[in-house]
Amino acid sequence: CIRGVTIKILEHSGVKWRTIVILQALYFGLMHFSLLQSTYTFFLGLLLGYFVYEYRSVKVSIWVHVLFNVLGTIASAVLFLLLEAAGFTAAQQNAVVLFMGLAGVIMVAASIALLRADPRSETGRKKRMMQRGGAGGWMN
């Protein structure tokens, strides 16, 4: 909801889409009020903002956010138990979680890049159409 409102306000102000994606990701990260969470949620926010741009809807970003939270909750609970059993300190546990969160966001971003490069994918076709001056996307 906040992402959609933020994007609409910035879009109506004439801000370019790349700037919108960065600003809404920064806002998303800061809204988590924790240095650890703000760091990886900023990168997640970039990805979610990209989904809004690519699919012209906040629905995909909402579902990815929900999935990220559910999987993150389950994985972090198991991970913290394992790290605690292995004798990791709280700071070491947080560093591992931060690294894993960033690695997850990077893997999703790399998957999107590969999907966009695949000429057989719908996203790849859409990108080629945009390059040829065809319809589609919010950049027109």
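Take the sequence shown: its position 119, counted from the start at 1, is 249 in our numbering, and no numbers get skipped. We put the CB at the ideal spot given by N, CA and C, even for glycine. Predicted model only: the values in this text are computed from it and were never measured.
- Between the alpha carbons of Ile152 and Gly179 lies a gap of roughly 8 angstroms.
- In the DSSP assignment, Ser191 falls within the alpha helix (DSSP H) that extends over Lys189 to Ala215.
- About 29 angstroms separates the CB atoms of Arg133 and Val208; that is not less than 8 angstroms, and the two are not in contact.
- Burial check for His195: the Cβ neighbour count within 10 Å reaches 16 or more, so the residue is buried.
- Secondary structure at Val145: coil, using DSSP grouped into helix, strand and coil.
- Here the segment 200 to 214 lies against the segment 223 to 233, with 3 or more beta-carbon pairs under 8 angstroms apart.
- A distance below 7 angstroms between beta-carbons, with the five flanking residues on each side excluded, links Leu174 to the following residues of its chain, in chain order: Phe198 and Val235.
- In this chain, the alpha helix (DSSP H) harbouring Thr171 covers Leu165 to Tyr185.
- Note that the C-beta distance between Thr171 and Phe158 is below 9 angstroms.
- Assigned with DSSP and collapsed to three states, Met161 falls in coil, not helix or strand.
- Nearest Cα to Ala221 within the set Leu165, Val200 and Ala239: Leu165.
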